[in-house]
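*Asks:*
In full-length UniProt numbering, the protein residues as written are 1 to 647.
#1: Counting only runs that start and end within the stretch 77–142, where is the alpha helix (DSSP H) found for 4 or more residues in a row?
#2: From the DSSP output, read off the bridge partner residues of residue 69.
#3: Does the count of Cβ pairs from the stretch 173–187 and the stretch 204–211 closer than 8 Å reach three?
#4: If contact is defined by three or more beta carbon pairs under 8 Å, each pair taking one atom from either stretch, is the stretch 554–574 in contact with the stretch 452–470?
#5: May I ask you to verify whether the stretch 584–603 touches the stretch 436–450, counting CB pairs closer than 8 Å and requiring at least 3?
#6: Would you mind stating whether residue 549 and residue 532 have Cβ atoms separated by less than 8 Å?
#7: Could you give the DSSP three-state label for residue 19: helix, strand or coil?
#8: Please check the pair residue 203 and residue 10, which I expect to be a contact at CB under 8 Å, by giving their CB distance rounded to whole angstroms.
#9: Please state if the CB of residue 157 and the CB of residue 129 are separated by a distance shorter than 8 Å.
#10: Run through the DSSP bridge pairs and tell me what residue 441 is partnered with.
#11: For residue 635 and residue 574, I'd like the C-alpha separation in whole angstroms.
#12: Beta carbon of residue 400, beta carbon of residue 307: below 8 Å?
#13: Going by C-alpha to C-alpha distance, which of 480, 482 and 521 sits closest to residue 499?
#14: Kindly indicate which three-state DSSP category residue 329 falls into: helix, strand or coil?
#15: Quick one: grab the DSSP three-state call for residue 623.
#16: Taking residue 122 and residue 101 to be in contact with their CB atoms under 8 Å, please state how far apart those CB atoms are, rounded to whole angstroms.
#17: Helix, strand or coil: how does DSSP classify residue 265 here?
#18: Taking the alpha-carbon positions, what's the residue 174 to residue 304 distance?
#19: Specify whether the stretch 52–69 and the stretch 146–163 touch according to this definition: at least 3 beta carbon pairs, one from each stretch, less than 8 Å apart.
#20: If the criterion is Cβ atoms closer than 8 Å, does the pair residue 353 and residue 81 meet it?
#21: Per DSSP, what kind of secondary structure is residue 600 in: helix, strand or coil?
#22: Measure the alpha-carbon distance for residue 527 versus residue 13 and round it to whole angstroms.
#23: Would residue 193 be called buried (16 or more neighbouring beta carbons within 10 Å of its own) or exposed?
#24: According to DSSP, what are the bridge partners of residue 641?
#25: What distance in whole Å lies between the Cβ atoms of residue 201 and residue 214, which are believed to be in contact at a cut-off of 8 Å?
#26: What do you reckon, are the CB atoms on residue 110 and residue 119 nearer than 8 Å?
#27: Would you kindly report the start and end of the unbroken alpha helix (DSSP H) that includes residue 510?
#28: Considering only the alpha carbon of each residue, which of 620, 618, 117 and 58 lies closest to residue 225?
#29: When DSSP labels each residue in this structure, what does residue 473 get in the three-state scheme?
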């Protein structure tokens with residue numbers, strides 16, 4: 001529902017009585033259990049109601065505010081109105097914690113992360129969650145971890161949704177369209193199961209009074225499952241994966257139709273046998289891959305990488321591999337060059353974070369578990385490969401598959417020996433481009449007499465060099481040059497009114513003197529014009545360009561810390577320089593031997609969104625180098641390092 005930004009009226013503080021009344025209504029609606037202290041003295045009212053007070057504060061802090069909102073929903077864009085409840089727990093900033101629609105209160109993900117177990121929790125694969133975050137509904141075939149499903153997941157009930165990969169962290173909230181608890185089978189079933197109302201990364205999640213982006217979900221939460229329940233869930237998922245392997249199906253037999261997800265577009269699963277990864281890569285259109293397919297693609301890529309070294313370096317010890325192999329070396333030389341990414345969607349899907357392993361460290365450990373390699377933890381932060389079992393039947397029986405003809409970030413072939421390619425299919429057109437930034441000025445209405453007298457168009461666009469002779473022609477035509485000092489200009493009423501309007505620090509002093517140096521006058525004329533800019537590509541002339549209003553945009557690079565001590569590098573604003581964000585992300589993924597992602601920058605316009613590229617690790621220099629290859633010098637880039645401690 002909140003794919004588009006809602007119109008929220010000014011916040012108003014909740015009175016204590018209204019806050020308690022609202023919290024009690026939530027407790028009643030969701031049938032939440034109120035903690036009771038049996039040891040408390042019944043005559044001690046404060047002690048007897050301490051559990052209720054704590055629950056109220058957990059649901060709605062005492063600093064809660066409320067506001068009315070309006071938005072649109074559905075394909076018919078029907079108008080929807082309701083109330084949002086905003087609050088902040090100690091040490092946190094104000095966030096939307098609840099929203100009310102038709103007398104029904106829905107928690108946001110922030111409330112779910114703080115109150116484990118408050119809703120029935122349903123599960124679905126991560127690739128389905130990505131569709132839900134685009135506004136799609138959860139269809140019955142997408143339900144996992146059941147039957148049986150939670151008893152409270154009945155028709156009309158509010159439920160939380162989590163991915164199988166992070167089963168204790170809810171990332172969406174919705175309403176059951178059917179009695180999910182009564183389902184006996186989901187394979188082959190049809191229809192909507194849950195209508196999504198709110199999800200992680202929608203406009204409610206990103207709202208804040210400070211302008212800060214929404215908070216990332218925690219890696220895991222306690223309280224949604226007991227220790228025994230979580231172990232049972234993990235065992236059930238492992239058994240389901242094993243069953244899927246035997247039946248030759250991926251992600252529990254659930255796949256998704258391709259295409260962007262509109263609001264309430266079904267995220268429906270289709271049963272059926274999937275073609276092998278090689279076949280998908282070579283013949284499928286722009287289809288997003290399932291988690292199971294991505295896992296298999298990475299495993300096959302590693303096997304292909306080892307097979308390639310065996311075939312091309314037969315006379316060298318260990319077939320040209322020097323042990324121990326670091327994580328970055330494995331990714332850059334044994335995995336990335338052998339991933340079958342033929343389409344943009346497949347290229348975006350074939351990233352280590354889209355696998356069930358989530359990082360190269362766990363991927364290597366899975367290879368060790370399969371007895372293809374021997375690995376070892378080093379320094380507690382990295383896993384290295386000590387040896388590879390080259391004689392394993394997996395490598396001997398491997399059959400090479402077709403790979404895309406694509407150059408690496410360095411511009412060389414992907415390193416597959418005699419089969420290496422030196423040409424690029426559908427390469428990045430921005431590499432090697434020449435860019436020129438031109439600043440333009442449009443006279444405001446008050447300056448019309450200055451430009452008209454000089455036979456110039458008062459509504460035209462001019463460079464600073466073109467404005468100088470126009471102003472000079474005007475002051476000469478009006479005989480404003482001081483007879484004693486030709487560098488000084490006498491102000492007439494037109495210049496005084498149009499240029500020195502009191503906004504400048506020295507305007508009163510200049511008007512009192514009645515004169516100003518010619519160069520200073522020209523600078524003030526430029527400052528009085530509306531700024532425009534044009535970015536010229538290759539040998540394009542300013543006459544054929546389409547100037548835009550405002551100052552020329554800058555590329556932004558931000559380094560920040562996530563999940564404790566992990567650094568990520570973000571880059572945004574490259575579209576203005578004819579750079580495709582996904583193509584740049586693909587190059588950085590190979591250059592940095594790290595995972596990348598491309599997502600809409602929080603707060604950017606829905607009609608003209610700015611995409612943000614995220615690279616794992618401190619990769620500022622790699623990003624700058626990639627931008628320079630595309631004609632963007634360092635002077636056009638703003639760099640913010642949030643990892644440095646403030647002094």
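Virtual Cβ for every residue (Gly too), placed ideally from N, Cα, C.
*Replies:* Well, looking at it:
#1: 109–114 and 126–132
#2: Translated into positions along the chain shown, residue 69 becomes position 69. Residue 69 pairs with 8 and 82.
#3: no
#4: no
#5: no
#6: Here residue 549 refers to the residue found at position 549 of the chain shown. Here residue 532 refers to the residue found at position 532 of the chain shown. Taking 8 Å as the Cβ cut-off, residue 549 and residue 532 qualify as a contacting pair.
#7: In the chain shown, the residue the question calls residue 19 occupies position 19. Residue 19: helix per DSSP, three-state reduction.
#8: By 1-based counting over the chain shown, the position of residue 203 is 203. By 1-based counting over the chain shown, the position of residue 10 is 10. Actually they are not in contact, since the Cβ atoms of residue 203 and residue 10 sit about 17 Å apart, beyond 8 Å.
#9: Taking the first residue of the chain shown as 1, we reach residue 129 at position 129. Taking the first residue of the chain shown as 1, we reach residue 157 at position 157. No; because the gap between Cβ atoms is not below 8 Å, this pair is not in contact.
#10: Looking up residue 441 in the chain shown gives position 441. Beta-bridge pairing links residue 441 to 462 and 531.
#11: Counting from one through the chain shown, the residue named residue 635 turns up at place 635. Counting from one through the chain shown, the residue named residue 574 turns up at place 574. Answer to the nearest angstrom: the Cα atoms are 14 Å apart.
#12: Position 400 of the chain shown, counted from the start, is the residue given in the question as residue 400. Position 307 of the chain shown, counted from the start, is the residue given in the question as residue 307. Yes; because the gap between Cβ atoms is below 8 Å, this pair is in contact.
#13: By 1-based counting over the chain shown, the position of residue 499 is 499. Considering only alpha carbons, the answer is 521.
#14: On the chain shown, position 329 is the one that residue 329 refers to. Three-state DSSP puts residue 329 in a helix.
#15: Translated into positions along the chain shown, residue 623 becomes position 623. Here residue 623 sits in helix by DSSP.
#16: The count along the chain shown starts at 1 and reaches residue 122 at position 122. The count along the chain shown starts at 1 and reaches residue 101 at position 101. Between residue 101 and residue 122 the Cβ distance is about 20 Å, and since that is not below 8 Å, they are no contact.
#17: Translated into positions along the chain shown, residue 265 becomes position 265. Unreliable placement is indicated for residue 265, whose pLDDT of 43 sits below 50; the coordinate value is still reported in the next sentence. Here residue 265 sits in coil by DSSP.
#18: In the chain shown, residue 174 corresponds to position 174, counting from 1. In the chain shown, residue 304 corresponds to position 304, counting from 1. Rounded to whole angstroms, residue 174 to residue 304 spans 43 Å at the Cα level.
#19: no
#20: On the chain shown, position 353 is the one that residue 353 refers to. On the chain shown, position 81 is the one that residue 81 refers to. Their beta carbons are not under 8 Å apart, which means residue 353 does not touch residue 81 by this criterion.
#21: Within the chain shown, residue 600 is the residue found at index 600, counting from 1. Residue 600: strand per DSSP, three-state reduction.
#22: Locating residue 527 in the chain shown gives position 527, counting from the first residue. Locating residue 13 in the chain shown gives position 13, counting from the first residue. Approximately 44 Å, taken between the alpha carbons.
#23: In the chain shown, counting from the first residue as 1, residue 193 sits at position 193. Buried, since its Cβ has 16 or more Cβ neighbours within 10 Å.
#24: On the chain shown, residue 641 is found 641 positions in, with the first residue counted as 1. Paired residues: 559.
#25: As a working mapping, residue 214 is identified with position 214 in the chain shown. As a working mapping, residue 201 is identified with position 201 in the chain shown. That belief holds up - the Cβ atoms of residue 214 and residue 201 are roughly 7 Å apart, short of 8 Å.
#26: Here the question's residue 110 lines up with position 110 in the chain shown. Here the question's residue 119 lines up with position 119 in the chain shown. In this structure, residue 119 does not lie closer than 8 Å to residue 110 by Cβ.
#27: For the purposes of this step, residue 510 is identified with residue 510 of the chain shown, where counting begins at 1. Here the alpha helix (DSSP H) through residue 510 covers 507–513.
#28: One-based indexing of the chain shown puts residue 225 at position 225. If we check each option's Cα against that of residue 225, 117 comes out closest.
#29: Position 473 of the chain shown, counting from 1, holds the residue named residue 473. It is helical.
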